[in-house]
Amino acid sequence: MKSSALARSFAKLGLLSRFDFVLHLPLRYEDETALTAPDAAPSGKPVLIQARVERAEVAYRPRRQLIVHAEGLVLRFFNFYASQLKQLKRAAEDGMMVRAYGEVRAGFFGAEMAHPRYRIVREDEPLPDTLTPIYPTTAGLGQAKLRSRVLRALDEAALEDTLPEPLRKTHRLKNFAESVRLLHRPPPGIALAALADRSHEAWQRMKFDELLAQQLSMRFAYQKRHTRRAHRLPPRGALFKRFVEKLPFKLTGAQRRAAQEVLRDLAEPKPMQRLLQGDVGSGKTIVAALACLAAVDGGHQAAVMAPTEILSEQHWRKFSEWLGALGVRIAWLHGALNKKQKTLALEQIAAGQAQIVIGTHALVQAGVEFASLALAVVDEQHRFGVGQRLQLRRKAEQTWPHQLMMSATPIPRTLSMTYYADLDVSVIDELPPGRRPVATRLVSAARRSEVLARIRDACAEDQQAYWVCPVIEESKEGDLQTALDTHHKLKQELKAIRVGLLHGRIAPAEKAAVMEEFQKGKIQLLVCTTVIEVGVDVPNASLMVIESAERFGLSQLHQLRGRVGRGSRDSVCILLYGNALSPAARERLKVIFEHTDGFEIARRDLQLRGPGEYLGERQSGVPLLRFADLEKDIALIEAARQAAVELIEDNPAAARAHVERWLGSREELTHA
Ligand code: ADP
Ligand code: MG
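As numbered in the working numbering, residues 22 to 693 make up the sequence shown, in order.
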């Protein structure tokens, strides 16, 4: 293997620095510390056998294979290199031994092994005195090569402990060098189960160190951010006061608290990085509007970025309705602008005439220059990658903009303690008054006609409804067809009802038109895909039908359901399901049927699916955990959090050294 190819393979595994190799820990072990006689090998359990090579030959029946006859043992290889044949022939001539590891079966010639891992050895070659580690590897990188590099790094590295003695004592941690050596080279007879489930104290030490490195690096990033400058924004400026005097509704206690937290941050000369979290419909938008007013009052600009055109339009409408009357100038950058309109909008943004700018990720594209961006609001932040959020931040020249991120997807506690530890969080844990819980019904697709009757009833009472189709990928023709077919069919079935269609591939201008008609009640039933999943707010819609609900994820179902129950009427969400439900789908439907609390649903989602879904949100923004498990290692997470605080306080040099050891070569991935 060429050294550049080798380096690429190592890089793929994240192995760059020497310590990366030291911390590349085995998946499992093989016991090659003792030999077994061929006729004494138990079945179904791999053993190490050593036997003298007698001859090696290629046979062609029943298929081409290399057969090696050794004393009391036959080895068979169906894939082999010519060089192997040569090597084994030479071994036979020289009277050498083959040492093979694998399962023994009774074959035609007696004891047989198929495709064992083997080595040619001299009779007196000593056996290893520790178990053989098997490492996670990647295609094209052999175990032997990887192992020799890892073990060499282990032998060459200085394994001094980065944790001071008192801290190790408090947290009852085993010494680092001993732990890492034991994991790479465990002695025979060790409790393998404790290594396999990572409950062994050596594993506990590694997981603790990993979690501590993550906690420390998040804290460092947080401190670093606080050394940056941001505009101080007046918490109660003239516009702000005028708006507060005639708010469209009375803020809930939770909204007021969240707004106060945000405004307090905005008044500081360092950039805010706050997550505003509140279940669907809890009223995050108005808090964002108040924050934007602080920016405008300060003589600067605010940008509001939403993940979809529909949502950005809705924000534009809301902001115009609320703030337009105060004379605040709002620009909406959207896909349906023609060239002239777009140029004009960009000019107004660059000149500072547009005080609040609303749009999709189009906001972060080249050509959008702000005169003075002081606040960046990112709605439904989990829909954006870290990269896009960073780009928005870079739109401010000298200073950093304050950032307000909003999400209805609650972050489970384990994640907020780890991957989100560098964010300040405000929670809106109260819904506006008068909301009625949405009743959820599980209905078999066979009872579709009853569902149609419900839609007729609702529309007869001037209510509106959504019919959501399971379009997984809007870019796929076949997938989209479901929505088109359903639309067609429902139009036939519900002749008296005005049915509209909305999906991701409709041109922006038309999309906006459809949405407006629905908003105004001209469309009574909106057949749609998950384009309406986030943020859409039409209070008069009180019925939602989700077709093939079993195909949706939990957080998606929760978001979709949140589109109804926004008005004063009782709302219903009907989950239509097919008849062949997988156990996982059954479980999901059960959770969504039984729970309405977003936090609980997110917790179940994390259990059912693991953290991948949430981590997509952060992408490369934070060091990923390789060893610790968010569910199982909650006690270690708590301990590492506490230790991080102590270590930065008592011994910052040790804290730096610890982060360097664990994340040194990954620095560029963390907190760009
Ligand atoms: P989300 O948190 O899901 O983004 P929105 O900000 O879209 O929620 O608010 C949902 C709906 O509730 C909107 O129609 C909004 O105008 C309304 N609303 C927000 N806060 C209040 C309140 N305190 N009292 C009454 N209605 C409110
Ligand atoms: Mg919203």
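The beta carbon of each residue, even a glycine, is placed where N, CA and C say it ideally should be. Every value quoted in this text rests on a predicted model; they were computed, and no experiment measured them.
As far as DSSP is concerned, His321 takes part in no beta bridge. Per the C-alpha coordinates, the member of Gln424, Ile331, Lys360 positioned closest to Gly380 is Ile331.
Pairing Leu564 with Gln484 gives a Cβ-Cβ distance under 8 Å.
Here Ala310 has Phe340, Trp343, Leu344 as same chain residues with Cβ atoms under 7 Å from its own Cβ, once five neighbours each way along the sequence are excluded.
Looking at the backbone, the Cα of Val171 and that of Arg49 are separated by about 15 Å.
The segment 448–458 and the segment 520–539 do not touch, with fewer than 3 CB-CB distances between them shorter than 8 Å. Segment contact: the segment 291–311 against the segment 239–255, three or more CB-CB distances shorter than 8 Å; contact assigned. In its chain, beyond the 5 residues on either side, Ala664, Glu667, Leu668 have a beta carbon closer than 7 Å to the beta carbon of Leu188. Under the 10 Å beta carbon count, Lys271 is surrounded by fewer than 16 other beta carbons and is classified as exposed.
Annotation for Ile307 indicates a beta carbon within 7 Å of some heavy atom of ligand 1.
Under the three-state reduction of DSSP, Val283 is assigned to helix.
In this structure, the straight-line span from the alpha carbon of Leu511 to that of His355 is close to 31 Å.
Around the beta-carbon of Asp41, 16 or more other beta-carbon atoms lie within 10 Å, marking it buried.
Taking 7 Å as the cut-off, one finds no heavy atom of ligand 2 near enough to the beta carbon of Asp654.
Taking the C-beta atoms as reference points, Ala113 is found no nearer than 8 Å to Met134. Distances between the C-beta of Asp300 and the heavy atoms of ligand 2 are all 7 Å or more. Within the segment 177–212, not a single complete beta strand (DSSP E) segment reaches 3 residues in length. Taking non-hydrogen atoms of ligand 1 into account, the C-beta of Pro422 is found less than 7 Å away from none of them. DSSP lists no beta-bridge partner residue for Ser576. Residue burial annotation: Leu627 is buried, with at least 16 other C-beta atoms found within 10 angstroms of its C-beta. When the alpha-carbon of Gln402 is set against those of Met426, Pro208, Arg173, Gly258, the nearest one is in Met426. DSSP lists Ala324, Ala352 as the bridge partner or partners of Val378. Using a cutoff of 7 Å, the CB of Phe99 does not count as near ligand 1, since none of the ligand's heavy atoms is closer than that. At least one heavy atom of ligand 1 sits closer than 7 Å to the Cβ of Pro453. Distances from the alpha-carbon of Ala372 to those of Leu436, His321, Met326, Ile476 put His321 closest. A direct Cα-Cα distance of roughly 8 Å separates Ser220 from Ala214. Placement of the Cβ of Asp400 at a distance of less than 7 Å from at least one heavy atom of ligand 2 is found.
Annotation: Ile351 to Gln419 spans about 23 Å, alpha carbon to alpha carbon.
In the structure shown, His247 adopts coil according to DSSP, grouped into three states. Ala316 has its alpha-carbon roughly 8 Å from the corresponding atom of Gln376. In the DSSP assignment, Gln485 is bridged to Ala562. Distances between the C-beta of Pro208 and the heavy atoms of ligand 1 are all 7 Å or more. Rounded to the nearest angstrom, the gap between the Cα atoms of Gln362 and Met438 is 45 Å. Contact check between the segment 127–147 and the segment 81–98: three or more CB pairs, one atom from each, fall below 8 Å, which counts as touching. DSSP, read as helix, strand or coil, puts Ile518 in coil.
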